[in-house]
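Going down the list, the protein sequences come from chains G and B.
Residues in the first sequence are numbered from 1 upward in steps of one, following my numbering.
Residues in the second sequence are numbered from 648 upward in steps of one, following my numbering.
Ideal placement from N, C-alpha and C gives every residue a C-beta, glycine not left out.
This report concerns only the one structure given below.
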Amino acid sequence: MANILTIGSSALLALQQQLATTSHNIANATRPEYSRQRVGMVAQRPDEVAGGFIGTGVSAAGITRSYDAFLVSQVRDYTTLTAGQAKTSTLLDQINYALGDAETGLSAGIDDLFAAINDLTADPSSNAAREVVLAAMDSLVGRFHGLSDFLDELTFAVSDDIRDTVSRVNTLSADIAATNQAIILASGASGGAPPNDLLDQQDALLQELSALVDISVLTASNGAVDVFIGNGQSLVLGGSSTALSTAPDPFNASELVVLHGSNGANITSQLTQGELGALLQAQDGVITDTRNELGRIAYVLADSMNEVHLLGVDPTGSLGADLFSLPPVAVGAGKNTGSLVVDAAVSDAAALQPSDYLLQQDMAGDFLITRLSDGTVQNLGPGPGPFSVDGVEITLVSGSAVAGDSFLIQPTAGVASGIERAVTDASEIAAGVPIITGAALGNTGSAVISDGRMVDTTGPAFTVPGALSPPVAIRFIDAGNYEILDYSNPALPVVLETAIPYSAGGEVFPTPGGLDFGYRMTLSGVAAAGDLFTVDYNSDGVGDNRNALLLADLQNIGTLDGGSQTYQAAYASLVGGLGADAQSAAVTLAAADALLLNAQSQRDSVSGVNLDEEAANLLRFQQAYEAAAQTLQVGDELFQTLLNALG
Amino acid sequence: MRISHNQMFRTALAGIQQQQSRLSVTEQQLVYGKKLLSPADDPTAAARAITLRQSINDLVQLNRNADIAEAALQLSDQTLGEIQSLLESIRTVALDAFNGSNSAVDFQDFGIDLAEKLDFLLDLGNSRDGSGNYLFSGSRQQVPPFVANADGTYGWQGDQQEQSLRVGPSRVLKLLPSGFDLFASVPTGNGTVSSAHDSSNLGSGLLGTVTMNGTGYDGADYEIVFSGPDAYDVVNVTTGATVATAQPFEAGATISFAGIDVVIEGAPEAGDRFSFGPSAQRNVLETVRQLTETLQGADGSNETDIYNTLTRSIEDLDRAMERVELLQVRAGNRLAVLDDIRAANETFDLRYREQLSLLEDLDMVEAASLLTAQADALEIAQAAFARIQGLSLFNFI
């Protein structure tokens, strides 16, 4: 009899625990990190009676989580992947919208400038057309500045984001360490029973952290976890955590590096995943690359237009000056111990690559240069230089380096922000060519001289402003030979070189005797003895549009990558490349999202609460509880029966 | 598979969100009418669109240039036409003067007429375009190409630069001829040989026009020197050699030497000379001016000089008209080339625009029906969610 009562009451106690746990499950059903709990039930030790064992009831043997460590770690992994890709995707989208727009992008600005130059070719003496060219130059420079400002702002935003993310990482690490301590305490107090809800909290913190950085987790037997990042740097060890910090990049103060712990080891390059990894990679990756490529386009555009403009003459008869001014190549020294001073300048714009370079001296005393965009390393030898790398000339100015000293050389990074219009007045636009050729009156042959073109205006022939030193004439001795004359005094020409054989269509300069005044022209047709052709300074050719035509041609001439790409083709491949990056980031993100959803489903399938199941359990435990209560009733009635029989 | 409460919601929500984001993309595409919202949608197309748009803008610019080129060519064509008819009328005056039996006063009248035409010819040579730039001064657009010098002669002060314009991709078209070609460097005589009479000739010998007889002219200077009314010598002035001595002279008979055929009419006298040399270049304005001066200087005693000058001048005017005609033909050819280039530009423009449209523009019908389909899908997902989340065992307890 007593047995029935004991069994009944043990069932009631155990079922109460089950009902309470079911209610707890229902109460926590919507928390994503919650793992449903189950009460383990064991039969109590049976009594031995004659002929066998008789049961003594049931007792609750502990409350456990439905939990699969592998599935949870998979969720963490895919969270890292998804969060990183989402960040990358957002950044790329922003850059894409800024650069890819037909109206705000660079291409329309280049079109406008060349439209203005084309209009100038149609009316070279018009001051209005010249003013339009200046305005279009300003507008293009403004577009370069605007895009550069956009990238600067993006860099600031990314820096803020990095600082914020690092501080979130630190908060989470501290929280995880604190939870670890609570878990150790709780499981100690309960004699080893798992503190389920604390463990869930730990999972939630770990998952939040995994969105920020790629972590590896080691679980100890007491339930505490150790968390590592990068190449095994500890974030959390038991109850203590190590803080990360940020510092400006020693080479480039606008970028941040991430340091680990109190000794400040730089672990930036090891953090490649999660939100923090995506941000750090964007800093050195897409943002730097885009800025360099924009800078390269700006540099080549300005440089090639300057080069043509320098060969021209303006309506006042002055030689052309630079159209655009360009900033010098930035050279940043690292934390160097040597005294070496390095200078760099662009020597061949067409060979420029959109990259920064790291110059280092190795133990053998050789200088190594790394093209940071692709990591290519080139050994330049011990010097003394100058070294030429990708169109950049690097000069070791003074001092000497110590092994390990390093310099960051940025040929193109500052160009998009530093490019400016150099011509100040519309009348300085050199639409003409400084030489004018002509046939003398009275030529009897049918030979003609070409208009001529300039290759160099820095030679001695152009030292006197507004005049050729000397003016030159070409006179035919007979139909097959000519001579070059110094025509300073047409009445008394001086023969500079004679008996030059004439071949129709051939270049006159440089002559077989080496005369070269910096211009080129051809003679063609049938010449007669005495025929004379003159080359004079073009001092008042206000209607001369030859140099403007050459400027206009630049839009369709390959000037980048050794002459294989036009300005806009390079810009188009930049936009196309960024688009492809954004596209692949979006595709990867979608895939990672699907993987994450799947991992979460699998985890939820094991750990999540199913309300219908809990409803059924509720009914089941309620019914069992009622039945157990009924056994007590039966026990009581049996007892009453006995008492009545005795009484 | 065991399904948890959260899982059900997450799956349903993920489905709805996916449908919504698809719907939003289609909506934006419809709003902007563009297939490409970001280069990420189709990176290759985005890059291609940039270069296509550049090519289209360039063609737009080239067409603008072509308009300007056409206007310039038409203006030059028109001006050349006016110059040609003026030269024609000058030649007519010269012919009238040559053919009639004119008194000194008649010659002077012709001279006065020519003086006016000469002024007009100078004006035409110094024609300007709508912006006030001189048409024929080469690149010295703001300097009149032809000027009357202090001594009354005419000079040329332009340059020989013919302005050109980009009218097609890698096609540069020259526009206006230089005044050097138009007036300043017109050959004299018949283009190979030019002849002259000595204005101090005493006889009435009239030199006809020179024709080439095909035996070859060596480019040297020659003179026919009359030793008497009936005989002449031919001298190579360049070498000093006498080519023919004491040839009998007959008025109107062809005299041949050194590839030259020429006829002398009238009655030359001993000592009269007629010279021949390689064709030179002379400014048309100078040709007309010299004729005008000669005519105005008629005094009744210099008729032979006047008739000889008229013959030379008419020959020179013929060369000038040939030159203008050549330039007119050239302008006409350039206009024809311009039409071809324009047509090619338009073909390319159309093709590029089609390609750009294919890359960028949205098929509205397709997008609209896609939008409907996506909206339906979203509604179904929402309905499914509502239906499923209503199912709970608790409803039955």
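Considering only the beta carbon of each residue, do residue i and residue j sit closer than 8 Å?
{"i": "G/I4", "j": "G/V634", "result": "yes"}
{"i": "G/S187", "j": "G/V606", "result": "no"}
{"i": "B/A927", "j": "B/Y864", "result": "no"}
{"i": "B/I703", "j": "B/D1008", "result": "no"}
{"i": "B/R713", "j": "B/L823", "result": "In the sequence as displayed, the identity of residue 713 of chain B is Ala instead of Arg. Not a contact, by the Cβ cut-off of 8 Å."}
{"i": "B/Q808", "j": "G/G541", "result": "yes"}
{"i": "B/G805", "j": "B/L932", "result": "no"}
{"i": "G/L326", "j": "G/I419", "result": "yes"}
{"i": "G/G277", "j": "G/D374", "result": "no"}
{"i": "G/S427", "j": "B/N780", "result": "no"}
{"i": "G/L198", "j": "G/T179", "result": "yes"}
{"i": "G/F476", "j": "G/G530", "result": "yes"}
{"i": "G/P194", "j": "G/G238", "result": "no"}
{"i": "G/L147", "j": "G/A98", "result": "yes"}
{"i": "G/A265", "j": "G/L271", "result": "no"}
{"i": "G/D93", "j": "G/A594", "result": "no"}
If I follow the unbroken alpha helix (DSSP H) through residue i, where does it start and stop?
{"i": "B/Y879", "result": "Segment 878 to 883 is the beta strand (DSSP E) holding B/Y879; no alpha helix (DSSP H) there."}
{"i": "B/N653", "result": "652 to 679"}
{"i": "G/A616", "result": "611 to 646"}
{"i": "B/S874", "result": "Unbroken run through B/S874 is the beta strand (DSSP E), 869 to 875; no alpha helix (DSSP H)."}
{"i": "B/R695", "result": "690 to 746"}
{"i": "G/V573", "result": "The residue asked about is misnamed: residue 573 of chain G is Ser in this sequence, not Val. First-last of the alpha helix (DSSP H) with G/S573: 567 to 607."}
What is the residue span of the beta strand (DSSP E) that residue i lies within?
{"i": "B/V814", "result": "811 to 815"}
{"i": "B/K821", "result": "818 to 821"}
{"i": "B/A980", "result": "It is worth fixing the name first, because residue 980 of chain B is Asn in this sequence and not Ala. First-last for B/N980: 950 to 1007, but that is the alpha helix (DSSP H), not the beta strand (DSSP E)."}
{"i": "G/D486", "result": "481 to 486"}
{"i": "G/V389", "result": "387 to 389"}
{"i": "G/Y537", "result": "532 to 537"}
Determine whether the Cβ of residue i lies closer than 8 Å to any Cβ atom of chain B.
{"i": "G/P471", "result": "no"}
{"i": "G/G540", "result": "Inspection of the sequence shows that residue 540 of chain G is occupied by Asp rather than by Gly. With 8 Å as the cut-off, G/D540 counts as an interface residue toward chain B."}
{"i": "G/N196", "result": "no"}
{"i": "G/M1", "result": "Reliability of the predicted coordinates at G/M1 is poor, the pLDDT of 48 falling under 50, and the value obtained from them is presented with this limitation in mind. So no, G/M1 is outside the interface."}
{"i": "G/I162", "result": "no"}
{"i": "G/V601", "result": "The question names Val, yet the displayed sequence has Ser at residue 601 of chain G. Yes, G/S601 lies at the interface with chain B (some Cβ there is under 8 Å from its Cβ)."}
{"i": "G/L597", "result": "yes"}
{"i": "G/Y78", "result": "no"}
Is there a C-beta anywhere in chain G that falls below 8 Å from the one on residue i?
{"i": "B/F1041", "result": "yes"}
{"i": "B/A694", "result": "yes"}
{"i": "B/S903", "result": "no"}
{"i": "B/P925", "result": "yes"}
{"i": "B/D806", "result": "yes"}
{"i": "B/V678", "result": "no"}
{"i": "B/A661", "result": "yes"}
{"i": "B/A1031", "result": "no"}
{"i": "B/N704", "result": "yes"}
{"i": "B/Q721", "result": "no"}
My assumption, with CB atoms under 8 Å, is that residue i sits in contact with residue j. Please give the rounded CB distance.
{"i": "G/G480", "j": "G/P501", "result": "6 Å"}
{"i": "G/G391", "j": "G/A350", "result": "7 Å"}
{"i": "G/L120", "j": "G/A431", "result": "6 Å"}
{"i": "B/L677", "j": "B/L1018", "result": "6 Å"}
{"i": "G/G61", "j": "G/G40", "result": "The sequence shown places Ala at residue 61 of chain G, not Gly. About 4 Å; that satisfies the 8 Å criterion."}
{"i": "B/F783", "j": "B/L722", "result": "That belief does not hold up - the Cβ atoms of B/F783 and B/L722 are roughly 11 Å apart, past 8 Å."}
Consider the Cβ of residue i: report whether some Cβ of chain D lies at a distance smaller than 8 Å.
{"i": "B/L932", "result": "Here chain D cannot be found, since the structure's protein chains are G and B."}
Query raised in the report: Do three or more CB pairs link the stretch 525 to 537 of chain G to the stretch 437 to 456 of chain G at distances below 8 Å?
Result: yes
Query raised in the report: Can we say the stretch 727 to 738 of chain B touches the stretch 131 to 150 of chain G, given the rule of at least three CB pairs closer than 8 Å?
Result: no
Query raised in the report: Do three or more CB pairs link the stretch 773 to 784 of chain B to the stretch 951 to 960 of chain B at distances below 8 Å?
Result: no
Query raised in the report: Do the stretch 873 to 889 of chain B and the stretch 933 to 948 of chain B touch if we need at least three Cβ pairs shorter than 8 Å?
Result: no
Requested in this report: Pair every Cβ in the stretch 37 to 56 of chain G with every Cβ in the stretch 11 to 18 of chain G, then say whether three or more of these pairs are closer than 8 Å.
Outcome: yes
Report task. Flag this pair as touching only if the stretch 556 to 564 of chain G and the stretch 486 to 495 of chain G have three or more C-beta atom pairs under 8 Å; answer yes or no. Result -> no
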